[in-house]
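Q: Quick one: this structure, given as structure tokens, is what I'll be asking you about.
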Amino acid sequence: MTGLTRRTTLTLIASALAGAMSIALPAFAQDAKKVTVALDWTPNTNHIGLYVAREKGFYKEAGLDVEILPYSDTAAGTLVSNHRADFGVAGVGFYTQRAAGADLKAVYAVVQHETGRVVFNAGRPDIKSPKDLDGKTYGGFGSAWEDALIGSIIKADGGKGDIKTVTLGTSAYEALANGSVDFTLEVATWEGVQAELLGQKLTTFKYSDYGVPEQHTTLLVSSEAYLKQSPDAAKAFLAATQKGYAYAVDHPDEAADLLIAANPDALTNKELVHASLKALVDGHYLRGEDGAVGTIDPAKNSAIGDYLFASGILKDGNGAALTAKPDFASYISNDYLPHK
């Protein structure tokens, strides 16, 4: 049998099987609405609710066929705003993209509190407070947000905000450990947990102690175009996602195992995944002290927006700093979340 004939035969068999399956499958499976989600990084505990909702069948029950797209160098917000993904995981960069004209709207708060912090090796007698970071070397990640953030923290403590920056990406943590840089930024619920597991002695400065507003560090965003075109699918997706995150809070060990099983190549450190999720749960990041899961706090949104505007980080599509403060209320919506 030639290769062409084999392919033709296999195609016919596959078509026949597909036809048979379409008869056997329940209606919701045949009519499942396809939804795509872009990640902001390789799979980690911030994404736990997405994977739990998929693996536990919450999306399927909602009539959805959800594809979690592999992480790529293209920012999730860019994929969403260009309508290459329906939803995406985003951070503070969402505000800069939206200000520049990107078709984006935040519709779900993954975390209820700020997870980032300034970190340096413990036992540094020359660093007692942020002003002592003046003149020090920062291992950074290449965003304008970092420069404004660190500068404002140092100035709030009475310093000048003059630092030396080397862009290292994730190598910043190794550089910090070997003393190549003096400080960097970390996510308390991931790198911070990892450092504890490794026995590294670190000292941190919390952003909000030095004038930076509390924020939802991680958000789910969509596009106005998608929300207008598919409001029912958006509501179904967010309801199932909310259910996934709530389940992770109530069943952290099972949820961590589901995340690991879904990403065996990316998540090889099981202890870290379990410890990170425990930190997210115990710290009321995934479910706030008030019971909120997914709800975006309008006050936090406005506060961080005002901070970014005042810092000159927000620029228009031509790269010029905004001169008029945006209506930050239009940047978010809780309307697609289930209402009790």
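Throughout the sequence shown, residue numbering follows mature numbering (1 follows the signal peptide of the UniProt record, and there is no 0), covering -29 to -1, 1 to 311 in sequence.
Beta carbons: idealized from backbone N, C-alpha and C, even for Gly.
Using 8 angstroms as the Cβ pair cut-off and three pairs as the minimum, do the stretch 112 to 119 and the stretch 75 to 90 touch?
A: Because the criterion of three Cβ pairs below 8 angstroms is not met, the stretch 112 to 119 and the stretch 75 to 90 do not touch.
Q: Given this structure, state the Cα-to-Cα distance separating L35 from I231, to the nearest angstrom.
A: Taking the first residue of the sequence shown as position 1, residue 35 is located at position 64. Taking the first residue of the sequence shown as position 1, residue 231 is located at position 260. One C-alpha to the other measures close to 23 angstroms.
Q: State buried or exposed for S123, treating a residue as buried only when at least 16 other CB atoms are found within 10 Å of its CB.
A: Your numbering for residue 123 matches position 152 in the sequence shown. Buried, because 16 or more other Cβ atoms sit within 10 Å of the Cβ of S123.
Q: Is the beta carbon of L248 closer than 8 angstroms to that of P269?
A: Residue numbering aside, residue 269 sits at position 298 when the sequence shown is read from its first letter. Residue numbering aside, residue 248 sits at position 277 when the sequence shown is read from its first letter. Cβ distance not < 8 angstroms, so P269 and L248 don't count as in contact.
Q: Which one or two residues does DSSP pair with A24 in a beta bridge?
A: As a working mapping, residue 24 is identified with position 53 in the sequence shown. BP columns for A24 are empty, so no partner.
Q: Are A56 and L75 touching if we call contact CB-CB under 8 angstroms?
A: In the sequence shown, residue 56 corresponds to position 85, counting from 1. In the sequence shown, residue 75 corresponds to position 104, counting from 1. Not closer than 8 angstroms, so no.
Q: So, are the CB atoms of V51 and L10 less than 8 angstroms apart?
A: Taking the sequence shown and counting its residues from 1, the one referred to as residue 51 is at position 80. Taking the sequence shown and counting its residues from 1, the one referred to as residue 10 is at position 39. Going by C-beta atoms, V51 is not nearer than 8 angstroms to L10.
Q: Just how far apart, CA to CA, sit L147 and D306?
A: Taking the sequence shown and counting its residues from 1, the one referred to as residue 147 is at position 176. Taking the sequence shown and counting its residues from 1, the one referred to as residue 306 is at position 335. If you take the alpha carbons of L147 and D306, they lie about 43 angstroms apart.
Q: Could you pull out every residue in the same chain whose Cβ sits closer than 7 angstroms to the Cβ of H18, ignoring the five residues on either side in sequence?
A: Here the question's residue 18 lines up with position 47 in the sequence shown. L10 and V60, listed in sequence order.
Q: So A219 and G182 are supposed to be a Cβ contact under 8 angstroms. How far apart are they, rounded?
A: Start at 1 with the first residue of the sequence shown, and residue 219 comes out as number 248. Start at 1 with the first residue of the sequence shown, and residue 182 comes out as number 211. Their Cβ separation, rounded to whole angstroms, is 32 angstroms, which puts A219 and G182 out of contact at 8 angstroms.
Q: Within the stretch 151 to 198, note down every full alpha helix (DSSP H) run reaching 4 residues or more, in order along the chain.
A: 162 to 169, all fully within the stretch 151 to 198.
Q: On a CA-only basis, which of G129, S151 and E195 is nearest I303? Give me that one, please.
A: For this step, residue 303 is matched to residue 332 along the sequence shown. The candidate whose alpha carbon is nearest that of I303 is E195.
Q: Under DSSP, the beta strand (DSSP E) around L229 begins and ends at which residues?
A: Here residue 229 refers to the residue found at position 258 when the sequence shown is read from its first residue. Premise fails: L229 lies in the alpha helix (DSSP H), P223 to A233, not in any beta strand (DSSP E).
Q: Decide yes or no for the touch test of the stretch 157 to 167 against the stretch 96 to 108: beta carbon pairs closer than 8 angstroms, at least 3 of them.
A: The stretch 157 to 167 vs the stretch 96 to 108: no contact.
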